[in-house]
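Numbering (this note's numbering), first residue to last: 118 to 429. The structure appears right after this line, and notes come after that.
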């Protein structure tokens with residue numbers, strides 16, 4: 118058996134030195150890891166340089182967002198660089214200028230005009246496009262009031278429509294119902310407007326050709342007996358126009374006027390009758406017994422018959 122080699126003092130010193138180096142390396146490695154795990158702290162110029170690089174470098178942008186202190190002051194560069202979008206380069210340049218300015222303190226004006234750059238950066242970041250704007254809402258109150266009033270209607274319609282939507286093919290059924298209701302409403306409005314137009318057209322005509330001239334002459338006699346001389350003259354004039362139309366001496370169209378009828382007949386007596394008719398019926402002149410007597414005589418001349426006896 119070989120004899121044990123004596124442990125020389127120099128070897129013991131080497132082993133102790135190696136152990137010390139191992140412990141030191143562990144400590145240094147752990148410290149570096151701990152430092153890397155902590156948030157970054159930079160000086161103003163370092164942060165400014167990183168911000169300028171971040172304008173085009175995504176890695177630099179991530180490093181910039183990890184910075185939590187600049188010149189010993191806490192910062193939130195992650196929030197400051199959020200939502201850069203198309204404004205990435207100008208915003209980061211403005212941020213770099215601001216960080217450069219922070220290094221010299223509030224009174225620093227040297228080294229390339231830091232104070233001016235700081236003012237420019239603030240102006241850029243104060244631009245409206247970097248801030249959410251609250252637009253004026255002048256109708257907010259009235260719209261809220263209207264919504265409160267319409268909310269019960271909405272709930273009622275929801276209760277009415279929801280059972281239909283729950284059916285198989287419910288949306289199609291609902292659309293068909295709305296289309297049908299819209300078509301019915303349109304037809305009703307068109308029909309009503311057409312009837313109104315026909316009614317207005319009838320009122321606008323000089324005389325309705327379907328009336329009986331004998332009946333109109335009776336109305337004229339009744340109005341004269343009641344003392345309504347203007348109505349009596351009007352009814353008698355219209356009766357005369359109908360008699361001329363039935364004798365094919367006058368064409369009554371919807372747009373025929375009293376003056377137009379007189380031009381068709383082309384008689385001096387008809388011109389006088391028309392002048393009195395327009396003055397009394399349209400002009401509001403008060404009718405007299407002489408006007409009625411002249412109307413009887415004039416129509417007898419135009420129609421070619423003996424004048425009728427006046428109503429007593």
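All residues carry an ideal CB built from backbone N, CA and C; glycine is no exception. Since this is a predicted model, take the numbers as computed values, not measurements.
Three-state secondary structure (DSSP) at residue i?
i           : result
residue 185 : strand
residue 190 : strand
residue 157 : strand
residue 324 : coil
residue 334 : helix
residue 344 : coil
residue 288 : helix
residue 405 : coil
residue 258 : helix
residue 198 : coil
residue 431 : Summary: the structure shown does not reach residue 431, with the chain confined to residues 118 through 429, and so no result is reported for it.
residue 173 : coil
residue 283 : helix
residue 393 : helix
residue 421 : coil
residue 271 : helix
residue 329 : coil
residue 400 : coil
residue 315 : The predicted model places residue 315 with a pLDDT of 44, which falls under 50 and marks its position as unreliable, so this point remains unresolved.
Looking at C-alpha atoms only, which residue of the options is the closest neighbour of residue i?
i           : options            : result
residue 343 : 375, 366, 406, 381 : 406
residue 217 : 168, 202, 385      : 168
residue 325 : 356, 335, 340, 334 : 356
residue 338 : 386, 327, 322, 350 : 350
residue 347 : 369, 373, 390, 394 : 394
residue 179 : 214, 194, 165      : 194
residue 352 : 421, 273, 409      : 409
residue 182 : 211, 196, 173      : 196
residue 201 : 192, 215, 173      : 173
residue 209 : 189, 166, 292      : 166
residue 363 : 420, 387, 411, 376 : 420
residue 192 : 211, 206, 203, 164 : 164
residue 170 : 375, 417, 214, 418 : 214
residue 184 : 360, 157, 327, 206 : 157
residue 190 : 159, 211, 374, 334 : 159
residue 370 : 300, 327, 308, 400 : 327
Would you decide whether residue i is buried or exposed? Buried here means 16 or more other CB atoms lie within 10 Å of its CB.
i           : result
residue 330 : buried
residue 383 : exposed
residue 303 : exposed
residue 432 : An answer regarding residue 432 cannot be provided, because it is not within the stretch 118 to 429 covered by the chain.
residue 260 : exposed
residue 187 : buried
residue 262 : exposed
residue 296 : exposed
residue 415 : buried
residue 439 : A query on residue 439 cannot be resolved here, the shown segment of the chain reaching from 118 to 429 and no further.
residue 397 : buried
residue 282 : exposed
residue 294 : exposed
residue 267 : exposed
residue 161 : buried
residue 277 : exposed
residue 306 : exposed
residue 274 : exposed
residue 360 : buried
residue 199 : exposed
residue 379 : buried
residue 300 : exposed
residue 340 : buried
*Hey, which unbroken runs of the alpha helix (DSSP H) at 4 residues or more fall wholly within the region 358–389?*
DSSP assignment within the region 358–389 yields the following whole alpha helix (DSSP H) runs of 4 residues or more, N-terminal first: 375–382.
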